[in-house]
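J.:
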Amino acid sequence: MSSAPKKGKLIFKGDKEHKKKKRKRSEAKDLDHDGGSDEGWVRADSLDDLVGPLFITHPSEPPICFTVDEDDRLLAYPIPEQSRTEPIIVNQVFVGARLLGTSNTFTFKSSNGKYLSSDKFGVVTADREAISGLEEWRPTVTEAGVALQNTHNKFLMVDEIAGGGVKIRADSDDVGFCETFRIYCQARFQRKARQEKKKSKKNEGFVDEMDNIKKYQSWGGGRVHSSREDKRDLKNARDEGRLAEAMLDRRAKVKSDRYCK
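Position 135 of the sequence shown, counting from 1, maps to 189 under this note's numbering, and the rest follow consecutively.
(1) Can you tell me which of Gly187, Pro116 and Ala151 puts its alpha carbon nearest to the alpha carbon of Gly217?
(2) What residue from Asp103, Ala198, His112 and Arg286 has the CA that sits closest to Glu319's CA?
(3) Please go through the same chain and pick out, in chain order, the residues whose beta-carbon is closer than 8 Å to the beta-carbon of Leu108, but skip the five residues on each side of it.
(4) Counting Cβ pairs closer than 8 Å, one from the stretch 175-185 and one from the stretch 115-134, do we hit at least three?
(5) Report buried or exposed for Gly106, applying the criterion of at least 16 other Cβ atoms within 10 angstroms of its Cβ.
(6) Could you check where the alpha helix (DSSP H) with Ala291 kicks off and where it finishes?
(7) Quick one: Cα of Lys156 to Cα of Arg192, how far?
(8) The beta strand (DSSP E) that contains Val105, what's its start and end?
(9) Going by beta carbon distance, what residues of the same chain come within less than 8 Å of Phe243, once the five residues before and after it are set aside?
(10) Out of curiosity, what's the CA-to-CA distance linking Val144 and Lys252?
(11) Start and end of the beta strand (DSSP E) containing Val178?
(12) Could you tell me which residues DSSP puts in a beta bridge with Lys163?
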């Protein structure tokens, strides 16, 4: 007689065993400031959080999550009370990806490697092997959750049917309770996205300056000459909304731009 399967944390391919290590004071400060750890699943509250493994749920009665079976059928699977915020099997995981060249258009791939799609009649499936307009979704993030709009400008929704079941459709014109989903992402992906966004914003002025130096600088081989005071002044100028003016003054000062005068 075989023993019952063991229940434990869902482990994904590529996950590494985390070893305890000492953190520098600055790293620990950043960790405390962001709040929480890299473990587990958290609510997606921005478009950047929709890139990577996702657990798509809806607070219907009973609460359900998107699940695909071995035949690529999309199911509204009732969620056990003890696992409302994270998947218990890999079939409940979709991988979100931002469509190349866009900022608010996404695709969602199932664990079987097939894409979530909807046709003009609102029929939702998870069995498409390639990306077309039918597999594109435009998420809208609110405090209540996430609404997903398809290429036909209709919203993904759950419809409670007779007998207590739930059907997934994509033919709603407005956003309400039935069209608002709760999507969870892995905490480590959310933290990484926020850190990259913070770093990008911090270096925004210097990226603009580098581009301009490559275009107009007539000496120095395209090198950026900046001191700690220069960086502080540019940061203050960006916060005050006069970054372009400050960069022009700086290039005139160091004579790195022959067109700035």
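Just so it is clear, CB atoms sit at the ideal spot from N, CA and C, and this is done for glycine as well.
T.: Once the coordinates are examined:
(1) Within the sequence shown, the letter at position 163 stands for residue 217. The residue with the shortest Cα to Cα distance from Gly217 is Pro116.
(2) The question about residue 319 has no answer here: the residues shown for the chain are numbered 55 through 315.
(3) Residue numbering aside, residue 108 sits at position 54 when the sequence shown is read from its first letter. Here the set comprises Ala98, Val147, Phe148, Val149, Gly150, Phe162, Ile237, Tyr238 and Cys239.
(4) yes
(5) Locating residue 106 in the sequence shown gives position 52, where the first residue counts as 1. Per the 10 Å Cβ criterion, buried.
(6) Locating residue 291 in the sequence shown gives position 237, counting from the first residue. Ala291 -> alpha helix (DSSP H) spans Arg282 to Glu294.
(7) As a first step, residue 156 is located in the sequence shown; it is residue number 102 there, counting from the start. As a first step, residue 192 is located in the sequence shown; it is residue number 138 there, counting from the start. The sequence shown places Thr at residue 156, rather than the Lys named in the question. C-alpha separation (whole angstroms): 10 Å.
(8) Sequence index remark: in the sequence shown, residue 105 carries index 51 (1-based). Premise fails: Val105 is in no beta strand (DSSP E) and is neither H nor E.
(9) Residue numbering aside, residue 243 sits at position 189 when the sequence shown is read from its first letter. Once the five neighbours on either side are set aside, the close Cβ partners of Phe243 are Asp103, Val105, Gly106 and Pro107.
(10) Locating residue 144 in the sequence shown gives position 90, where the first residue counts as 1. Locating residue 252 in the sequence shown gives position 198, where the first residue counts as 1. Between Val144 and Lys252, the C-alpha separation is close to 31 Å.
(11) Residue 178 sits at position 124 when you count from the first residue of the sequence shown. That run of the beta strand (DSSP E) goes Val178 to Arg182.
(12) As a first step, residue 163 must be located in the sequence shown, where it is residue number 109. BP columns for Lys163 point to Val149 and Tyr169.
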